[in-house]
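Chains A and B are the protein sequences, given in the same order.
Position one of the first sequence corresponds to residue 10 (the working numbering), numbered consecutively onward.
Position one of the second sequence corresponds to residue 69 (the working numbering), numbered consecutively onward.
All C-beta atoms, glycine included, are put in the ideal place defined by N, C-alpha and C.
First up is the structure itself, then whatever we jot down about it.
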Amino acid sequence: LAKTTQPISMDSYEGQEVNITCSHNNIATNDYITWYQQFPSQGPRFIIQGYKTKVTNEVASLFIPADRKSSTLSLPRVSLSDTAVYYCLVGGWATNKLIFGTGTLLAVQP
Amino acid sequence: GAGVSQSPSNKVTEKGKDVELRCDPISGHTALYWYRQSLGQGLEFLIYFQGNSAPDKSGLPSDRFSAERTGGSVSTLTIQRTQQEDSAVYLCASSPRTGDNEKLFFGSGTQLSVL
Numbered sequence: 010l011a012k013t014t015q016p017i018s019m020d021s022y023e024g025q026e027v028n029i030t031c032s033h034n035n036i037a038t039n040d041y042i043t044w045y046q047q048f049p050s051q052g053p054r055f056i057i058q059g060y061k062t063k064v065t066n067e068v069a070s071l072f073i074p075a076d077r078k079s080s081t082l083s084l085p086r087v088s089l090s091d092t093a094v095y096y097c098l099v100g101g102w103a104t105n106k107l108i109f110g111t112g113t114l115l116a117v118q119p
Numbered sequence: 069g070a071g072v073s074q075s076p077s078n079k080v081t082e083k084g085k086d087v088e089l090r091c092d093p094i095s096g097h098t099a100l101y102w103y104r105q106s107l108g109q110g111l112e113f114l115i116y117f118q119g120n121s122a123p124d125k126s127g128l129p130s131d132r133f134s135a136e137r138t139g140g141s142v143s144t145l146t147i148q149r150t151q152q153e154d155s156a157v158y159l160c161a162s163s164p165r166t167g168d169n170e171k172l173f174f175g176s177g178t179q180l181s182v183l
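Right, dumping it as structure tokens:
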């Protein structure tokens, strides 16, 4: 099972771009990389998913280098409402159990 | 329904009592997961279902915990003889299992408090 490592916390200010990097050295060939966002008292919510190179959607971008041993979630121009815990998850349907890491608490200040 | 539904949203019980937590996944989702989240902590994997089968039960903390899924839909997590350390939020997620990737849709969880 691919283990993930993320920073415990990050601070930012409104309007800045935030990049959160996740390490997953033993990622398997069939594994995808998925990021989730969790607000207090809610279940995690899917943000973005990718396999390699770059993926962009309406809320974030995901950068994955060629060796796929890490990934970076990029949040453009964060606002106070982006304060949450962000989890990097590596796996696919062939992985019977999807293990979440410790997550990164992003605190956005005015 | 439109999303994953969990009930009850809150459950307060006395130590030693049994509790049942229910999860209604999104219609058509074949995979279903249970996680536990203690206050201020990350998500702890409990069990996973593909259809009605649970290939891996190794995440269940003790033999007081059990789970079943019927008709490839509703799942129930049962905790027998609850202990105070069982107090946590129990989260359920389902996935459509399309292609090789896995995208989890979570419910809002059941907050369990054992007094």
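- Residue 116 of chain A sits away from residue 48 of chain A, with the two beta carbons spaced by 8 angstroms or more.
- Look at residue 76 of chain A here: in three-state DSSP terms it is coil, with no helix or strand label.
- Under the Cβ criterion of 8 angstroms, residue 120 of chain B is not counted among the residues facing chain A.
- The C-beta of residue 170 of chain B comes closer than 8 angstroms to at least one C-beta of chain A.
- DSSP places residue 100 of chain A inside the beta strand (DSSP E), whose first and last residues are 93 to 100.
- Looking at the backbone, the Cα of residue 155 of chain B and that of residue 96 of chain B are separated by about 31 angstroms.
- Taking a 10 Å sphere around the C-beta of residue 171 of chain B, we find 16 or more other C-beta atoms and assign the residue as buried.
- By the criterion of a C-beta distance shorter than 6 angstroms, residue 78 of chain B is surrounded in its chain by 179, once the five residues flanking it on both sides are discounted.
- Against chain B, the CB of residue 108 of chain A has a partner CB under 8 angstroms away; the residue lies at that interface.
- If you check the CB distance, residue 100 of chain B and residue 143 of chain B come in under 8 angstroms.
- Three or more pairs of CB atoms, one per stretch, sit closer than 8 angstroms, so the stretch 52 to 68 of chain A contacts the stretch 76 to 91 of chain A.
- No Cβ-Cβ contact shorter than 8 angstroms links residue 71 of chain B with residue 149 of chain B.
- Around the CB of residue 75 of chain A, fewer than 16 other CB atoms lie within 10 Å, so the residue is classed as exposed.
- The C-beta distance from residue 43 of chain A to residue 55 of chain A rounds to 7 angstroms, short enough to meet the 8 angstroms contact threshold.
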